[in-house]
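Following: one structure in structure tokens, then a few remarks.
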Amino acid sequence: MTDAAAIEPTKTPHLRPVWAPLTLVAFVALVICSNVASAVWARWVNTNPEGLLLLSSRNRYLALTLAAGVSIWYYAAIGFIRIAAAFVVCHLVGRAYRDDVLGWFTRYLGVANESVNAFERGFDKAEWLLVPFFAGSNIVAALTGVKGTPPVRLAALLTVGIAARLTLMWWLARTFESQLIDFLEWLQRYQWWAVGASIAVVVLINARNLRRG
Numbered sequence: 003m004t005d006a007a008a009i010e011p012t013k014t015p016h017l018r019p020v021w022a023p024l025t026l027v028a029f030v031a032l033v034i035c036s037n038v039a040s041a042v043w044a045r046w047v048n049t050n051p052e053g054l055l056l057l058s059s060r061n062r063y064l065a066l067t068l069a070a071g072v073s074i075w076y077y078a079a080i081g082f083i084r085i086a087a088a089f090v091v092c093h094l095v096g097r098a099y100r101d102d103v104l105g106w107f108t109r110y111l112g113v114a115n116e117s118v119n120a121f122e123r124g125f126d127k128a129e130w131l132l133v134p135f136f137a138g139s140n141i142v143a144a145l146t147g148v149k150g151t152p153p154v155r156l157a158a159l160l161t162v163g164i165a166a167r168l169t170l171m172w173w174l175a176r177t178f179e180s181q182l183i184d185f186l187e188w189l190q191r192y193q194w195w196a197v198g199a200s201i202a203v204v205v206l207i208n209a210r211n212l213r214r215g
């Protein structure tokens with residue numbers, strides 16, 4: 003044994019905090035909300051846009067609810083809170099479970115290993131850019147927990163990212179307003195067909211992900 007090997011410090015194993023299971027409960031609740039949104043969006047985008055945003059604030063829902071006439075204040079408040087809540091939950095899961103969580107993304111959520119590896123390499127090089135640009139990414143959020151991003155820095159980067167995302171989707175909704183309205187009118191005529199198709203897609207995707215696990 004060399005002297006360097008003899009004095010090399012042993013890596014301390016990560017001990018999961020007592021609150022770790024609560025982060026998984028919160029994450030599962032968010033996944034359920036997102037799946038419900040994927041199933042009912044075709045109806046709720048016109049009848050309950052605020053509820054749809056609470057369930058999920060994906061880009062397409064942000065744009066469509068604006069076209070459907072949701073108040074800009076509800077849009078900004080609900081969108082910001084929902085995106086931030088998902089990011090914080092995934093961040094805490096990353097802090098609690100470290101590298102294990104990255105394996106869960108590939109096994110149960112259908113994320114390719116290549117995508118996880120690419121995000122991990124990019125995070126090490128440009129955290130300050132990756133976090134705001136992917137403010138809605140569960141993988142990036144989990145990586146901030148795995149890597150231990152300081153809370154103050156994380157809050158600043160996340161605020162910038164969410165504000166930019168909401169502004170961009172507002173601009174896109176204004177720019178393509180007529181096309182979005184035409185789509186919503188079509189959706190009203192065939193909403194139950196769209197709801198049925200959406201439910202089928204949700205079931206198929208979740209079944210595929212469970213088989214992978």
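Residue numbers for the sequence shown follow the numbering used here, beginning at 3 and rising by one.
The C-beta atom is built at its ideal place from N, Cα and C for all residues, glycine as well.
Owing to the predicted nature of the structure, the values given are computational and were not obtained by experimental measurement.
Residue 8 to residue 140 span [Cα, whole Å]: Caution is warranted here: a pLDDT of 49 is assigned to residue 8, below 50, making its placement in the model unreliable, and the coordinate value is therefore given only provisionally. If you take the alpha carbons of residue 8 and residue 140, they lie about 40 Å apart.
Assigned exposure category for residue 115 - 16 Cβ within 10 Å defines buried: exposed
Alpha carbon of residue 41 to alpha carbon of residue 70, nearest angstrom: 18 Å
Integer Cβ distance of residue 54 from residue 39, believed to fall under 8 Å: 6 Å
Beta-carbon gap between residue 91 and residue 145 smaller than 7 Å: no
7 Å Cβ cutoff met for residue 22 and residue 98: yes
Cβ-based neighbour list, residue 156, same chain, cut-off 6 Å, excluding 5 preceding and 5 following: 146
Sequence-distant residues of the same chain with beta carbon closer than 6 Å to residue 167, five excluded per side: 137
Cβ pair residue 100, residue 16 closer than 7 Å: yes
Minimum C-alpha distance to residue 151 - residue among 104, 36, 30, 93: 93
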